[in-house]
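Here the structure is laid out as structure tokens; the discussion comes afterwards.
Protein chains: 2
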Amino acid sequence: MTTRVADGPAVKAGIRQVAESAGVSVSTVSRALNGYTDVNAATRAKVAAAAEELRYRPSYAAAMLRRNQTDTVTFMVSKPWTKFVDPFFLGILDGLELALSAQGYDLQVVMARDYEAEHDVIRRVVERQRSDALIFARTRPVDERIDWLEERGFPFVTIGQTNRNSHGFIDRDQRRVGIEAVHRLAALGHRRIAFLSTPCRYTYSLHGREGYRQGLTEAGLPHDPALEIECFLSRRTGEEAVTQLFTTGANPTALFCGNDMIALSAMEGLKRLGLTPGQDVALIGCDDSPLAAHVRPALTSFRLDLDAMGIRLGRMILGRLGGDPAVTQEFVHGEMVLRESDSPMRPKGLA
Amino acid sequence: MTTRVADGPAVKAGIRQVAESAGVSVSTVSRALNGYTDVNAATRAKVAAAAEELRYRPSYAAAMLRRNQTDTVTFMVSKPWTKFVDPFFLGILDGLELALSAQGYDLQVVMARDYEAEHDVIRRVVERQRSDALIFARTRPVDERIDWLEERGFPFVTIGQTNRNSHGFIDRDQRRVGIEAVHRLAALGHRRIAFLSTPCRYTYSLHGREGYRQGLTEAGLPHDPALEIECFLSRRTGEEAVTQLFTTGANPTALFCGNDMIALSAMEGLKRLGLTPGQDVALIGCDDSPLAAHVRPALTSFRLDLDAMGIRLGRMILGRLGGDPAVTQEFVHGEMVLRESDSPMRPKGLA
DNA sequence: GCAAAGACCCAAAACGTTTTTGGATGGCGC
DNA sequence: GCGCCATCCAAAAACGTTTTGGGTCTTTGC
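Written as structure tokens, this is what we have:
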């Protein structure tokens, strides 16, 4: 029967105990452990051994207080977001964490219920100095959060743009997405293409709309305002939009949806109206959620390399923390993945 | 042209500045702001005014250092988890945050790549005292993380059980789920019901298996080991399982799947084999992911009230933090939601 | 009128690090 | 022998709170 490794000391060892045990001063322990150069190799080893022996773990709070730095990056996620399948941000977090931890930073995720709460959260985090940098999404054309942060010179990067774009961001070119979607549908023979937009308060929604309109123009199609509908984030949002489109006589033959959630509920709506999605009406979604591939008809959508996006985001924020003053603004391209829902225009005679 | 509100002081105000401005001592400011009783109402108001005026925000680090408390609860999520649609934990976070913030606690989410990383993360969080309590899922029958935490008396609650169950947890009764699923399928006339299990290292998988077996017994069906397959977390896991089942001649007519991801990929596998899911082979999934309702045939599964679960989890952890020594162990029931995939046994003559 | 109790408040200590400042030691050139 | 530099380390000063252990004055009870 073997005895287990001797327990550590009953009381948590501080830097003082380590210093005493190693026979050096407190300051030497600190410098040795933090990799300063002006400490003898032998001394450093001695200190490391003592620290190991005593299972020394520096107090995060104390270091934070003294250095005025947290080694933590905060990612803020909006609550409404989480209500829906949004592997979007999960995927990003994955890559982000990878990039950050490689540089010794911790990633912390905080949640906020709504826009106001987001602002509060940002204030709390920044004012109480609980983080070194901030990342958040869902930017608006004029965004108070960004004004507030810029005013204070706090490091941050957003996912999405604003009108001014004076800050670092990473974003998908949503204009291009809109253009490509419309072109695809137009090429399939559709002439009445509706746009089921995500809420217009977000910058990317507006970009998507611009793309949609530009796509129409380029395809030589007229722009009918009745075919543009703003959807909000509810389970049935697409259903309502579709109902509206068909009861007011707008009668589109194709739908370009601002996100997959909208597209999916639009499918439900179509069925309820006795129409077969992907047959009577073509659909294109937007963010290639896992649902997209599994639903019938499988939803044509725009893929995004979330892992890569997260890693790039990490690099951006690290650059910012490294004191690099350059504001980096990056774009990622969403590639259209064709599935079943983008069907050609039917010969005529729609019910 | 209106001038904006006067800017605050250039240098961040500390408690000393507030004390000076209010004409009281530093300790009085602290006590006034922290709601101690032995401070005059007038003084308290004076202090509050001064603090407001100077936009005083106590340093989190300093308070943390002195009080030895973080007012933060950490939720650890395993990375592999995030790779799949797992609104499961998102839903929980929602309710959890609600419960915690109501008591002035912050919720922080950290990620870990794998089991080893989880252990490391726990160690870091606990040893560096970055959090007051811990929540994590994916427990195993014997779970080192739990041993480690119990040894140190650190407050935590898990989502899921262990063999010893000496700790606080919240869990679904997975046995019951297994039993109900089998009963349902047996009632539909199925006699060869396969179990596509989640990885057996997790306690809930074993419970599910127990339920499955008990269900078989209760239904008077024989237990055929060839019908039990352990699936791992890959995109095609169910597909592989199904292929195995049908190439080795196990030929089930119904599948009970440990989670919806498995069920979905099993559907793919069935189609690839020329079988129609929900017609040639019945399926029942397990966690009612958003996918379940949208896929064709819609997947019969077990619903979970994640919001409620999060709130209860919050209450449990708060109780623990409040010094209540009672170990609370709660169960939530998953209600079967019937959709299309659990079809009756076909008359005979399967290809 | 006096002691005891109560209500408020303050100065100083403590929390556990990191950083600064400056001193000691030893080697080296002259 | 002396000055100079490099290297290493000790002591002490932060960092910004909370808590401790009294204080002083006013009120109360007798």
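Line by line, the protein sequences give chains R and P. Sequential numbering of the first sequence, starting at 1, is according to this note's numbering. Sequential numbering of the second sequence, starting at 1001, is according to this note's numbering. Just so it is clear, CB atoms sit at the ideal spot from N, CA and C, and this is done for glycine as well. This structure is a prediction, so every number in the text was calculated from the model and none was measured.
Point to revise | Candidates C257(R), S197(R), T162(R), E218(R): closest to T203(R) by CA position | key: T162(R)
**Study point:** Range covered by the alpha helix (DSSP H) that runs through Q1329(P)
**Key:** First-last for Q1329(P): 1329-1332, but that is the beta strand (DSSP E), not the alpha helix (DSSP H).
Review point. Does DSSP classify F1088(P) as helix, strand or coil?
Key: helix
Practice item. Have a look at A1022(P) and R1031(P) and give me their C-alpha separation to the nearest angstrom. Key: 13 Å
Check your understanding: Does K79(R) have its Cβ less than 8 Å from a Cβ in chain P?
Key -> yes
Exercise for review: Reducing DSSP to helix, strand and coil, say where S21(R) ends up.
Suggested key: helix
Point to revise | Selection from A1282(P), L1270(P), V1337(P) that minimises the alpha carbon distance to S1301(P) | key: V1337(P)
Check your understanding: So, does the CB of V1295(P) fall closer than 8 Å to a CB anywhere in chain R?
Key -> yes
Check your understanding: Where DSSP assigns a beta bridge to I1284(P), which residues make up the other side?
Key -> F1256(P), T1300(P)
Check your understanding: Within this structure, are the beta carbons of G1238(P) and A1282(P) separated by less than 8 Å?
Key -> no
Review point. In chain order, what residues of the same chain lie with their CB nearer than 8 Å to the CB of A1298(P), ignoring the 5 residues before and after it?
Key: A1292, R1339, E1340, S1341
Exercise for review: Measuring alpha carbon to alpha carbon, tell me which of F156(R), M111(R), A308(R), F75(R) ends up nearest G323(R).
Suggested key: F156(R)
Check your understanding: At which residues does the beta strand (DSSP E) containing V1077(P) begin and terminate?
Key -> 1072-1078
Practice item. Alpha carbon to alpha carbon, how far is T243(R) from D1307(P)? Give it in angstroms, no decimals. Key: 30 Å
Check your understanding: What span of residues does the alpha helix (DSSP H) with S1027(P) cover, start to end?
Key -> 1026-1033
Review point. Would DSSP call R140(R) helix, strand or coil?
Key: coil
Review point. Can the beta-carbon of L1313(P) be found closer than 8 Å to that of I1146(P)?
Key: no
Exercise for review: Mind checking which residues open and close the alpha helix (DSSP H) that includes A1308(P)?
Suggested key: 1306-1321
Exercise for review: Please determine, among Q1103(P), D1132(P), E1118(P), the residue with the shortest C-alpha to C-alpha distance to T1070(P).
Suggested key: D1132(P)
Check your understanding: So, is the C-beta of V1142(P) closer than 8 Å to a C-beta in chain R?
Key -> no
Exercise for review: Pick out the complete beta strand (DSSP E) segments inside the stretch 1205-1277 of chain P, 3 residues or longer, and give them in chain order.
Suggested key: 1228-1230, 1254-1257
Practice item. Compute the Euclidean distance between the alpha carbons of V1110(P) and K271(R), then round it to the nearest angstrom. Key: 41 Å
Review point. In whole angstroms, what is the alpha-carbon distance linking E20(R) and V26(R)?
Key: 8 Å
**Study point:** Proximal chain P residues relative to S59(R), where beta-carbon distance stays under 8 Å
**Key:** L1065, R1128, Q1129
Review point. Which one or two residues does DSSP pair with R1194(P) in a beta bridge?
Key: Note on identity: in this sequence residue 1194(P) is Ala, with Arg being the wrong assignment. Its beta-bridge partners are L1255(P).
Check your understanding: Buried or exposed: S1166(P), going by 16 or more other Cβ atoms within 10 Å of its Cβ?
Key -> exposed
Point to revise | Bridge-paired residues (DSSP) for A112(R) | key: S78(R)
Check your understanding: Are at least three pairs of beta-carbons, each pair with one atom in the stretch 1055-1067 of chain P and one in the stretch 57-75 of chain R, less than 8 Å apart?
Key -> yes
Exercise for review: Report the three-state DSSP secondary structure of D94(R) (helix, strand or coil).
Suggested key: helix
Practice item. State the beta-bridge partners of R1172(P) as determined by DSSP. Key: V1332(P)
Check your understanding: Are the C-beta atoms of V109(R) and some chain P residue less than 8 Å apart?
Key -> yes
**Study point:** Interface residues of chain R facing A1062(P) [CB-CB closer than 7 Å]
**Key:** L65
Review point. Under the three-state reduction of DSSP, which class applies to L149(R): helix, strand or coil?
Key: helix
Review point. Using the beta-carbon of each residue, which ones in chain P are nearer than 7 Å to E97(R)?
Key: M1111
Point to revise | Proximity below 8 Å, CB of N253(R) to CB of H190(R) | key: The sequence as given places Thr at residue 253(R); Asn does not occur at that position. In this structure, H190(R) lies closer than 8 Å to T253(R) by Cβ.
Practice item. Counting only the same chain and skipping the five closest in sequence on each side, list residues whose C-beta sits under 8 Å from that of A6(R). Key: The pLDDT assigned to A6(R) is 47, lower than 50, so where the model puts this residue is not dependable; a value taken from the coordinates is nonetheless given after this. Nothing listed; no residue qualifies.
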